[in-house]
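Residue numbers (the working numbering): 1109 to 2069. Just so you know, even glycine gets a beta-carbon here, dropped at the ideal spot from N, CA and C. Everything numeric in this text was worked out from a predicted model, so none of it was measured. Notes follow once the structure below has been shown.
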Amino acid sequence: MSQAVSLDAEIVENLLTLPTLEQRAAFLHAADLLDAAGLTQLLQRAAQFVPTAPGQARRLSLICAELAERAGAPAVVPQAAYLRAQTYAIEAEFDQALELIEAARRGYIGLGQTLEALRTNIGLMTVLNELGRSQEALSAGQVVLNGLHSTDKHAERSEERELLTALTHQNCGIAYELTGRYDEALAAYATAEMYYRDLGLTKYLGEISLNRGVVLLNLGRGSEALTAFELAATIGVEANLTLLRAQALINTGNARLLLGHYTRSLSAFEQARRLFESLEAPADEHVLLLDTAETYLALNLYPEALAAYREVEGLLQNAGMTHERARALRGMALTLVAQSKFGEAEPVLAEAATLFNTAGDLPFLSGVKLEQAEILAAQGEREAALTTIRQALELISANEWPMQQISAHLRLADLLLPDLAAAEQHLLMAQQLSGNLMLPHLRYRLNQRLGAVRWHQGRMVEAQTLLEAALEQIEQWRSTLTAEVMRASFLRDKMAAYENLIQLYLAHADETNIQRAFYTAERAKSRTLVELMTGMIDPKEVRQLDPELASRLQNLQADLNGVYNKLLDFGGESKSKLLGSNLQTRAAELEQEISRLRLQAASAAPTINPFEPPLSLEAIQAQLPPDIILLSYYTCDDEIMAFVNVQGQLRLVRRLGSITEVQRLLQRLAIQWNRFRAGPTFVNQHLNQLEQSARRLLTSLYTLLIEPLETPLAEAAEAITGQPHKLVIVPHGLLHQIPFHALFDGEQYLLERFEISYAPSATVFALGHQRAPQRSGSALVFGVSDPLIPAVAAEAGAVAQFLDQAEVYTDAQATLGVLQAKTISCNILHLACHGLFRADNPMFSALKLGDGWLTAADVMQFDLSDALVTLSACESGRSQVFAGDEIMGLTRAFLGAGTATLVVSLWLVQDDTTAALMAAWYEQLGNGLGRAAALRAAQLALKARHPHPYYWAPFVLIGQR
């Protein structure tokens, strides 16, 4: 009679709320469902819950199993067991799933239901594939196909046999794909698809499209894969299959990643994440986190990638998802290698290799061997590296795996240099294999390497064409990125193309080629900062956060504030190194999680202007005042060169010194600054010796970086009237750490000869200079003191007396909220407080206000257009310099927020002398001096009283003079 009962949602809901088996039995009996037909209906409803609510499906199927004997329905027991196995598989509890699959198989055999017993092998294959046991999965599939062939075809319905055949071929296809047997996988999917079409099963057609796309992706056929995934997503929408749609979106993100569409990749992942919020599918969510980590790595966002890989590796290990865990280990190792942490990467790669080898996944195993070879090469073991790469190539040479083969040939070419003929052979093979694979990461890598080889072969025209093409490909690729942090990190691993092209131009350094080299160097300097200044990208344009994400960010920020406070306390006392290390580790963990959530929030941000080249040399020169000398450094390999630009004339001086030597001197100079932390008694006793030691180092730096430029600087000065001459210094790379104004020629500091300012790039200086001041308003002075910096309050008062309409906020009044509200209308901002530089996560460098910490990332949300900002705090000008000369830290944040002129410190400053310097600077500004001239006058006055450069030289002026 139960066949006539309408099984509506209310019946199921009420059944699940009943606490005892007796109550459930009575309820079903009253509903006329306590028989075989009724329980079968309930199981059918449970099956509908599996993709979206596996927990609910499991509870409902368990009720059916417990009541099966009472209902006289023995067939329900194995049905319920198999359905529960599916729910455990979705939740990545694979051991439990295997037990239930075996129980279901035995139950069906006991009932004589041969076809249903064979069907359990489909679930078995799914779980075995997830566990990386693909060969066992293929064996299980063969059992099904053999069983179908041997059973009496008339004993079972034809449609069920066809469905089982299709499911078997589909799961065999997955097993083939996981072991790199891509042609066999595609053939298996085609067979399954034929059966599904005949049966009219839309859902399974969507799955096949998804599976086929994964194989195409592994073959490097990104556009075809994307089409397959988009078809699967469409089927998911039309058939209301949320899980299928979410899985399709994950794979769409992977295809976008391969095609170089990073922002769209993260956007697809974010859409999938939101769909998973309504599902119970932890296994798929683990895969989503893993694939998101892959995109972070491709964007060179190493802290975020490493944190994501480490998190998901633990989840995958607990779930027993061996193949995906091996991927996570490989990604983790790749991230460590990218950061030159070879010792940490080696055991991680070894474990990944073991897992891939056990699973029989030769394509991924070959990739691991390539990374192991890179580590060997970095450790100077070239022959061992070559042997390892050749082993990798041998693994894959007999198969159609173009992506892996191309990577192997590129690595071999790199290692075989300077043997040009051997390297060229492998590059040409890689070029041939790439064929129609229109993948940007392959195109630029091939063009850059071939260009370098052609240059060394003396085939300059070909080399120039190839290298210029590589640059254009990088620029176009980069233009698709929307988030500021993505653009800033993107060039980290792509500088070789810029450096090769500059070297090619300078091989014949006539006037035209010097101009080309300068322009190319500008393309590789602070590009994202330029885009912030021109409005191409807007860090404030982040979509509305959902409440949960906003709450998580708020809680994490509160925790981070607490850790920063402890770090500050730790810095002032003698405590255990272990405590300091633990605090640093906790800070890094919180910073990485906040960064990941911000990336998640920014993934859908639009591009304002996707592609705009930097200013041309002519445009830069047009913006340079005639009385300015622009000194722009560039480092290439170990060489330092400098461009001297004045009144439209560009000079180049090469081989000023080596980066290695400058680095050694900077390390010794840092030791000199740190000696002042020993306390006033030590400093006063040894001040003369300390000054002499510092001068010797500053003289050595002068000899390397300024002395070779004396002639072009003198010639430039002859064309300029007025004293002192105005010098704008554009450092590069490591040179951002150098206090050029404090370099000593044996008689004078450079500051005594020139009026000096700094700029991140010539383009940044030109843009800032052409910007007419538009903001008028009050001055805002913040001072937050404590026992370590007691002079801050006096500094705030002294500064305010030289500023019109100054609003002063000290200590508890100087809050984040007040700062955010008041900066909108101020044209001068002075912040005197503690500073904290975070070398590992520089955009979390922070200033301590009255109620918390203001991080560099927070500053990017402010509008400081055309303002003069002074950060009177320790190390406020320290930055981490990414490849592409993107300076990361408070300097970047304030310039990116629109600041016209920024004054920051390069090292830990002395409290009382800083207060005196700041008062003198603002007094000189009030007397009508320009900003750079006023700071110079204040520094020279302080130098007269405190001649050691530690006291008078920490602050630099960046931007408008």
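One alpha carbon belongs to Glu1826, the other to Leu1851, and they sit about 22 Å apart. Between Thr1963 and Val2011, the gap from beta carbon to beta carbon reaches 7 Å or more. Non-local C-beta neighbours of Cys1744 in its own chain, meaning closer than 7 Å and more than five positions away in sequence, comprise Glu1607, Ile1610, Gln1611, ordered along the chain. In the structure shown, Met1996 falls within a strand segment according to DSSP collapsed to helix, strand and coil. Taking a C-beta distance under 7 Å as the contact criterion, Val1184 and Ala1176 qualify as a contact pair. In this structure the stretch 1769-1788 does not lie against the stretch 1750-1761, because fewer than three pairs of beta carbons, one per stretch, are closer than 8 Å. Here Tyr1741 is near Pro1839, since their CB atoms are less than 7 Å apart. Nearest C-alpha to Ser1984 among Cys1941, Leu1760, Thr1443: Cys1941. Here Leu1437 really is in contact with Val1456; their C-beta atoms are around 5 Å apart, less than 8 Å. Here Ala1625 is buried. Its C-beta has 16 or more other C-beta atoms within 10 Å.
Inclusion of Leu1998 and Ser1953 in the CB contact set at 7 Å is warranted, their separation being smaller than that value.
By the 16-neighbour rule on beta-carbons within 10 angstroms, Ala1786 is exposed. In chain order, Trp2060 place their CB closer than 6 Å to the CB of Lys2051, counting only its own chain and leaving out the 5 sequence neighbours on each side. Here Glu1502 is exposed. Its C-beta has fewer than 16 other C-beta atoms within 10 Å.
Between Val1120 and the set Val1754, Thr2007, Gln1149, the nearest pair of CA atoms involves Gln1149.
Partner residues in the beta bridge of Ile1736, as assigned by DSSP, are Lys1834.
Between the alpha carbons of Leu1239 and Ala1485 lies a distance of about 33 Å. DSSP, read as helix, strand or coil, puts Leu1976 in strand. Around the beta carbon of Pro1159, 16 or more other beta carbons lie within 10 angstroms, which makes this residue buried. Take the alpha-carbon of Met1641 and the one of Leu1723: they are about 13 Å apart. For Trp1509, there is no enclosing beta strand (DSSP E), as DSSP marks it with neither H nor E. Ala1274 sits away from Tyr1297, with the two beta carbons spaced by 7 Å or more. If you draw a straight line from the Cα of Ser1933 to the Cα of Asp1974, it comes to about 11 Å. The stretch 1756-1764 and the stretch 2019-2029 do not touch, with fewer than three beta-carbon pairs separated by less than 8 Å. Ala1200 is classed as buried because its beta carbon has at least 16 other beta carbons within 10 Å across all chains shown. Annotation for Gln1913: no beta strand (DSSP E) segment contains it, and DSSP assigns it neither H nor E. By the Cβ criterion, the stretch 1276-1291 is in contact with the stretch 1464-1484, since at least three pairs of Cβ atoms, one from each stretch, lie closer than 8 Å.
Rounded to the nearest whole angstrom, the CA to CA distance from Pro1895 to Glu1697 is 29 Å.
Under a 10 Å Cβ-count criterion, Ala1695 is classified as buried, with 16 or more other Cβ atoms of the shown protein chains found around its own Cβ.
Taking the CA atoms as reference points, Arg1600 sits about 41 Å from Cys1280. Within the stretch 1564-1592, the alpha helix (DSSP H) runs of at least 4 residues that lie entirely inside it are, in chain order, 1568-1586. Taking one beta carbon from each stretch, the stretch 1512-1526 and the stretch 1573-1581 have fewer than 3 pairs nearer than 8 Å; the two do not touch.
Exclusion of the five residues before and after Ala1531 leaves Ala1521, Leu1524, Leu1525, Val1561 as the residues of its chain whose Cβ lies within less than 7 Å of its Cβ. With 16 or more other CB atoms across the displayed protein chains lying within 10 angstroms of its CB, Val1420 is buried.
In the structure shown, the three-state DSSP call for Phe1990 is strand. If you check the CB distance, Asn1326 and Ile1282 do not come in under 7 Å.
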